[in-house]
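Residue numbers (our numbering): 1409 to 2188. We put the beta carbon where it would ideally sit given N, CA and C, even for glycine. Small disclaimer: the values here were computed from a predicted structure and weren't measured. Okay, so here's the structure we're looking at.
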């Protein structure tokens, strides 16, 4: 039993440790494939001027060129313009949705791009040039030998024809951004402007070696303030020399972006160092559990061998030879466990890789590295803890005066395992509840039975006719078109609150849409009304609760907001809803009808609310109508529930993994508790026999044995709850919307711990209680 239990517990522990170590290693390796990774920085904005607050990963157009031209510390600077998913058509009219970025030619001086076809130092220096990734080229053309071919796609409602100049390898998964197409930035004339606060671009710098970053950042802000301060003063009547106001261009190291960046408008959804800390904590707990059980089982094994030890000592064996005998058994068990763990990892890797966004390497060398590290940990535990345990146990066995010390050591090990059990159960319950709250709690909108269609610019003037044709289907309840939808990026615009004698500035997210948007997503109107065909919607605006709170009007309705050079009258207030992740507070936002101030605010999405779950027939009808109104045979649609839930993908995967790891941890702990209880009960076999001879019943014996375990349970709860509460409460502070840690969680944790203990221990207790005392005393 000792060997099997040891192998099972160590195998499970090592498998978890190796898996978590490799996952953490992957998460921390993002963007390190660039040779100049240590010298590449992204410029971000942190600012506040009055009520205007900016925290953005995007900067103004002139920043990159200005820094490169005026600071010798800056070796190169480049910009990225995120266009997003666009429908790309080749010369054979084959169409595909691809992820497109606009870049300056200096992009290739900063980032390591691996060219397959058509390498040229002047890539993308001319307008209407593109570079495709290998995967995109093969999907669109069936080959990567496509240099010189033409393709078309729309940007801001305008069709552009591009010439393919090169084909490159895709960036690895361990990059904070990915693309299918790079096009020359100078294709769009408006990108060459002097608008410092028109933040559309991601700016990256390649710095000289050994630069003082803090000093450079200070110099950059002194320089850019000369351009920013007058604009802020004119716009918001706020002085940046005021101690309460500031505007900074901060430098963010490339390799810090994935885990440490949570700015607005990130290029992609980043990871979060919170989950690294969480899984490191789990890893440490698993390591402690595995090590303590390893020690416990070793002590049990030695105690079981007392007759063998006496015989060997009588035969002249030295303590050293006995020590090495047991140490060799430990090494053999460790090696077997590592081997089985390695097999489990190899067989589980394909399953893990199927879980989207859970990045697990298939590089054999990583397994070797982690295997060596794990063996080093195992041998360190063995060399530090096991020898003293063996020598102490041998000495106590030989001197026959060991019962008290043995009981105390086993009691201490049991308390340690119970404390870890409390921490694991309590943490799992809280984290699981918080992550479920993030995914499923009230959003303020409906996400069920909504189909989103993208690329509706192809409908042109037929958009309203297409919408009406869909409404003729009894399965479709409502249809709306909009510039964006919840879960996608909302444009943020600086606005002015109009009051008597002054104008106060603030920033709002905007959702340009039609009159049906409210009905499709079931927004709740708190004041006033939404847009309607019964009234004129020109220069009208509907805001959310957060915007109304910032405006601080006594009566928000019929007051006005100014943006884009026009004045808009507030006609309604909608209840706050989460149009972004719940990790972020709900920002002020507004609805306007299209067309409005900005010509590029055109319909991008068609949202169809269906009355049932018969999505197959509804999609079939949509495809049929799409072909009727366009020459395109490809309808790009998504189910809103799925796309919105992707906001919480990392939370979903973290919750799954945590539950699995917690179950494994509890299995290991249970094995340890069972082993300790068996040893403790065996030490009290004679006492149980005597009590039964003296008239004790089975229930008396069970009660007597459980009293000690109950006291250890109370001690474990007393030690573990403050530690677990402190750690979890700090973790919850990172969420804008979080659950409360109520008394119920402590109660449930206690109940679960009692159940685990009862199942682990009381089977052995009951078996000991019903034993025939005659046989027990005879054995003694």
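- Approximately 7 angstroms separates the beta-carbon atoms of residue 1697 and residue 1825; this is inside 8 angstroms, confirming the contact.
- The distance from the Cβ of residue 2144 to that of residue 1993 is about 4 angstroms, consistent with a contact at the 8 angstroms cut-off.
- DSSP places residue 1996 in the coil class of the three-state scheme, outside both helix and strand.
- Excluding the 5 residues flanking it on each side, residue 2156 has same chain C-beta neighbours closer than 7 angstroms at 1837, in chain order.
- Contact check for residue 1616 and residue 1658: beta-carbon distance about 19 angstroms, past the 8 angstroms limit, so the pair fails to qualify.
- Taking the C-beta atoms as reference points, residue 1544 is found nearer than 8 angstroms to residue 1588.
- With a beta-carbon spacing of about 13 angstroms, residue 1832 and residue 1691 fall beyond the 8 angstroms limit used to define contacts.
- Scanning the region 1410 to 1463 from its first residue to its last, the whole beta strand (DSSP E) runs of 3-plus residues come out as 1448 to 1457.
- Under the criterion of beta carbons closer than 8 angstroms, residue 2168 and residue 2070 do not qualify as touching, at roughly 16 angstroms.
- By the Cβ test, the region 1422 to 1438 is not in contact with the region 1593 to 1613, since fewer than three Cβ pairs between them sit closer than 8 angstroms.
- Rounded to whole angstroms, the separation of the alpha carbons of residue 1439 and residue 1447 is 12 angstroms.
- Rounded to whole angstroms, residue 2150 and residue 2066 show a C-alpha spacing of 21 angstroms.
- According to DSSP, residue 1568 shares a beta bridge with 1561.
- Residue 2025 is classed as exposed because its beta carbon has fewer than 16 other beta carbons within 10 Å across all chains shown.
- Non-local C-beta neighbours of residue 1639 in its own chain, meaning closer than 8 angstroms and more than five positions away in sequence, comprise 1604, 1605, ordered along the chain.
- Inter-segment contact for the region 1938 to 1949 and the region 1915 to 1926 is present: three or more beta-carbon pairs are separated by less than 8 angstroms.
- Between residue 1536 and residue 1569, the gap from beta carbon to beta carbon is short of 8 angstroms.
- Contact between the region 1478 to 1496 and the region 1607 to 1614 is established, with three or more Cβ pairs separated by less than 8 angstroms.
- Assignment of residue 1887 by DSSP, reduced to helix, strand and coil, places it in the strand class.
- In the three-state scheme derived from DSSP, where H, G and I count as helix and E and B as strand, residue 1545 is classed as helix.
- Bridge pairing for residue 1968: 1977 [DSSP].
- Runs of the beta strand (DSSP E) lying entirely within the region 2037 to 2076 and spanning at least 3 residues, in chain order: 2044 to 2047.
- In this structure, residue 1746 sits near residue 1422, with a CB-CB distance shorter than 8 angstroms.
- Under the 8 angstroms Cβ criterion, the region 2034 to 2045 counts as touching the region 1851 to 1871, having at least three qualifying pairs.
- Nearest to residue 1674 by C-alpha distance, out of 2135, 1850, 1492, is 1492.
- Here residue 2016 is not near residue 2162, since their CB atoms are 8 angstroms or more apart.
- Here the alpha carbon of residue 1435 sits roughly 10 angstroms from the alpha carbon of residue 1583.
- When 2142, 1424, 1895 are compared, the shortest CA-CA separation from residue 1750 is found for 1424.
- Only exposed fits residue 1880, as fewer than 16 other CB atoms lie within 10 angstroms of its CB.
- Remark: C-beta atoms of residue 1917 and residue 1951 do not approach each other more closely than 8 angstroms.
- Within the same chain, 1922, 1924, 1925, 1928, 2015 come within 6 angstroms of residue 1888 by CB-CB distance, once the 5 residues on both sides are set aside.
- Collapsing the DSSP output to three states places residue 1902 in a strand.
- Secondary structure of residue 1589 (DSSP, three-state): strand.
- Between residue 1418 and residue 1742, the C-beta gap is smaller than 8 angstroms, which places the two residues in contact.
- Beta-bridge annotation (DSSP): residue 1660 is paired with 1450.
- In the DSSP annotation of this structure, residue 1893 is not part of any alpha helix (DSSP H), being labelled neither H nor E.
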